[in-house]
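> So that we are looking at the same thing, I have put the structure below in structure tokens.
2 protein chains.
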Amino acid sequence: MAQKEWLEVRVDELKNVVKKVFISLNVPEEHAEITADVLIEADKRGIDSHGVGRLKRYVDGIKTGMMIPGVEGIIVKETANTLTIDGQGGLGQVVAYKAMKKVIEKAEKNNVCFAAIRNSNHYGIAGYYAMMALERDMIGISLTNSTPLMVPTFGRNVFLGTNPISIAFPIEKGWPVVLDMATSTVPQGKLEVYRRMGKKIPLCWATDEFGNPCDDPGRVLDNMAARRGGGLLPLGGADEETGGHKGYGLSFVVDVLSGVLSGGIFGIHLYEEKGKPSGVGHFLGAMRIDAFIEPDVFKRNLSRFVEEIKAAEKRENCTRIYVPGEKEYEKAAEQKEKVKLYYKVVEEINAIASELGVDATLNPL
Amino acid sequence: MAQKEWLEVRVDELKNVVKKVFISLNVPEEHAEITADVLIEADKRGIDSHGVGRLKRYVDGIKTGMMIPGVEGIIVKETANTLTIDGQGGLGQVVAYKAMKKVIEKAEKNNVCFAAIRNSNHYGIAGYYAMMALERDMIGISLTNSTPLMVPTFGRNVFLGTNPISIAFPIEKGWPVVLDMATSTVPQGKLEVYRRMGKKIPLCWATDEFGNPCDDPGRVLDNMAARRGGGLLPLGGADEETGGHKGYGLSFVVDVLSGVLSGGIFGIHLYEEKGKPSGVGHFLGAMRIDAFIEPDVFKRNLSRFVEEIKAAEKRENCTRIYVPGEKEYEKAAEQKEKVKLYYKVVEEINAIASELGVDATLNPL
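Respectively, the protein sequence lines represent chains U and E. Everything in the first sequence is counted per my numbering, starting at 4 for the first residue and increasing by one. Everything in the second sequence is counted per my numbering, starting at 4 for the first residue and increasing by one.
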């Protein structure tokens, strides 16, 4: 019988292994719990690119000194409704989680709060932190800069990250509305999938070493690895005619809010020095809905908005209109207890655990 | 000699005529000044689609009762850092200008402020209000919902507006960074231009009556006028593979902040009843930079960011990388005193003025 490509594992078992891996690297238990939870939430929501498949990068990050275990960021400036935080080079998940907790607490008292965070690291899915605001009837906002992988419009080389934007809204019926999108057309991982399948990629995804649109994912990935030029394209593709300058503009402003406003680094300077904190920055926010309008009215009207748009007539051969976050919530509901992982991810996690002498393994069902 | 397509007019003369047109329609002089200024600023910045070429729509708006002259919006809820405003069906420019003034005043005292505004009308270029924050060393934010012209991903009919996003950042050297983008790939006006030129449009711009991508601008525009289905595509095009769900998601959340959070209307309900206020909503914000970081440090680092990205290597056959707002500021610097208008726009303005018995005409140079 052929090896199954996707294996099912129990969420509690997965969390146990991942937590123990972090703890074995001197990450305090509470921080290990937070980091594992953010990673596994991505897998549950079907965002494999940001899930436990990245565990090795975190393990290497801690080993090389890029990510410093045990710290959680310190407030360097504070007003009634703003925070500036130095992440101390800690795990991005821990820094962002703790920051978002404070943002929500301050918004609880003062209606709105925003935090600009510097000197952090990769924080996983942007949506996790935005969604933390939901249970308090707040709107949550989460942005981050990231590894330079995207070319600016008319540029030849990578300069900006895929800098995601997330915003979450509570609702009366059904799933909350959660936008969580990279500002590139696709993440790098999508090119890897197409290469594995031997498929060409759409011309709005990436550029070759000259900066021109390219349909060969292998050529793009090899060029990017060797820094020969080219990279991911912003949402909208290579040209102004197709709106590429808009995706580029969004990525740019996410970096201004995350990197410049926090007093951190930006653009091409992220991940500049090996073995040092990456310098990733975040921008988080929360707004109480009742500062603007009765939350019940907001949530009822948002439900109506969602119902109306979903009930609208469909494009030929299409059966369903989705709203932001819907697919991810459905996937997470399916994967509450058990989550599907690519078999190589399971192998890698077990190899990491064994190498670190961790007393736990993943046993696919 | 052939008629020149673009005519140059003096900005002060243009402002005088436009103001007088509004005043003749019972718009108070101060409100006429604001509205004329927002419209002409669009023309100066090269955003013809939102400039005085729209004057007839405002004139008709006032005549039919969609836009109510003399009102400027009232605060219905207020906290130290939030506002909810009912625009009273007034001119969108007046309502948004007055609201942004209050937002800036409150942010001056309390670091940040956001306003959700309902029951307004078309407010012109989103960037105008975001840029109002710049001289106070604040970050300005401006969003609005708008006429349903965009199809949701997998939908057949228009449901959302081209709902723009604008954010403005002050800078040390050069032009401020101002993102001001519709969340559709292009505005409807672009299809009109291509139809006039007899050119096909890219497949990521619009859909036919079945909801499928269509390269014939005339067919799309005729379908839209007759409400036979189809419409503008979100940034990213028709499919998830090209990221269309992201542009759609952005448009959706802009409407939630502008329409739902303000207690107003949203989606397909804008412009539902002829002769009644359109129900357009806005979301405006301002954040003091010094609440997060020393403004000089912010502005110096933003200048460096801009210089670095502009100095980066260019794509083959490209000579320049732009940053958000740069093209518009350059155009506005060229058109400080004199602005180029399409000859039909000049004819139309003079016809409107003459019909209203306004004692002023545009005299192209």
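All C-beta atoms, glycine included, are put in the ideal place defined by N, C-alpha and C.
(1) Going by DSSP in three states, E:D299 sits in which element: helix, strand or coil?
(2) Taking one C-beta from the stretch 127–137 of chain U and one from the stretch 165–177 of chain U each time, how about it: are there three or more such pairs within less than 8 angstroms?
(3) List the residues that DSSP assigns as beta-bridge partners of U:V180.
(4) Expressed to the nearest angstrom, what Euclidean distance is found between the alpha-carbon atoms of U:I296 and E:L264?
(5) Just how far apart, CA to CA, sit E:D15 and E:I271?
(6) Over the uninterrupted beta strand (DSSP E) stretch that includes U:T38, give me the two end residues.
(7) In the DSSP assignment, find the unbroken beta strand (DSSP E) run with E:S123 in it and report its ends.
(8) Under 9 angstroms, Cβ to Cβ, is there at least one residue of chain U near E:C321?
(9) Indicate whether at least one CB of chain E lies closer than 9 angstroms to the CB of U:N19.
(10) Classify E:K23 as helix, strand or coil using the three-state DSSP reduction.
(11) Roughly how far, in whole angstroms, is the beta-carbon of U:H125 from the beta-carbon of U:V348, given that I think they are within contact range, below 8 angstroms?
(12) What is the DSSP secondary structure of U:I312, reduced to helix, strand or coil?
(13) Figure out for me which residue from U:L206, U:L152, U:G201 and U:R291 has the closest Cα to the Cα of U:I142.
(14) If you run the structure through DSSP and keep just helix, strand and coil, what is E:G64?
(15) Taking the beta strand (DSSP E) that U:D242 falls in, what are its first and last residues?
(16) Suppose you measure from the CA of E:M4 to the CA of E:Y346; what does that come to, to the nearest Å?
(17) Between E:P151, E:I37, E:W178 and E:K104, which lies nearest to E:Y274 when the distance is taken from Cα to Cα?
(18) Looking at the structure shown, is E:P205 part of a helix, part of a strand, or coil, going by DSSP?
(19) To the nearest angstrom, report how far apart U:Q96 and U:P31 are at their CA atoms.
(20) Check whether the stretch 145–160 of chain U and the stretch 249–266 of chain U are in contact - that is, three or more C-beta pairs closer than 8 angstroms.
(21) Grab the span of the alpha helix (DSSP H) containing E:A229 for me, first residue to last.
(22) Can you pull the chain U residues whose beta carbon is under 7 angstroms from the beta carbon of E:C207, in chain order?
(23) Quick one: Cα of U:V74 to Cα of E:Y332, how far?
(24) Of all the CB atoms in chain E, is at least one closer than 9 angstroms to the CB of U:T165?
(25) Thinking C-beta only, is U:L238 closer than 9 angstroms to U:P216?
(26) Under a CB-based cut-off of 9 angstroms, is E:T87 close to chain U?
(27) Give the single residue among U:W178, U:I37 and U:K23 whose Cα lies nearest to the Cα of U:L305.
(28) When the distance is taken between beta carbons, is E:V154 closer than 9 angstroms to U:L182?
(29) Taking C-beta to C-beta, are E:K302 and E:G68 nearer than 9 angstroms?
(30) Could you check which residue in U:L287, U:V300 and U:S187 has the C-alpha nearest to that of U:Y100?
(31) For U:I21 versus U:A45, is the C-beta distance shorter than 9 angstroms?
(32) Taking the DSSP output, what are the residues bridged to E:G158?
(33) Would you mind listing the alpha helix (DSSP H) stretches within the stretch 69–118 of chain E that are 4+ residues and don't spill past its ends, in chain order?
(34) Determine the chain A residues that contact U:G266 at a beta-carbon separation under 7 angstroms, and present them in chain order.
(35) Could you give the distance in angstroms between the alpha-carbon of E:D299 and the alpha-carbon of E:E175?
Judging by the given coordinates:
(1) helix
(2) yes
(3) U:F172
(4) 7 angstroms
(5) 39 angstroms
(6) Here U:T38 belongs to no beta strand (DSSP E); instead the alpha helix (DSSP H) covers E32 to K47.
(7) V115 to S123
(8) yes
(9) no
(10) helix
(11) At roughly 17 angstroms, the Cβ-Cβ gap does not stay under 8 angstroms, so U:H125 and U:V348 are not in contact.
(12) helix
(13) U:R291
(14) helix
(15) Looking at the DSSP string, U:D242 is not in any beta strand (DSSP E), and its letter there is neither H nor E.
(16) Only weak support is given to the placement of E:M4: the predicted model assigns it a pLDDT of 45, under 50, and the question is left unresolved by the model.
(17) E:P151
(18) coil
(19) 13 angstroms
(20) yes
(21) Careful: E:A229 lies outside any alpha helix (DSSP H) and carries neither H nor E.
(22) T245
(23) 44 angstroms
(24) no
(25) no
(26) yes
(27) U:W178
(28) no
(29) no
(30) U:L287
(31) Note that residue 21 of chain U is Val in the sequence shown here, rather than Ile. No.
(32) U:K317
(33) 95–113
(34) Checking the listed chains, one finds no chain A in this structure; the protein chains it contains are U and E.
(35) 7 angstroms
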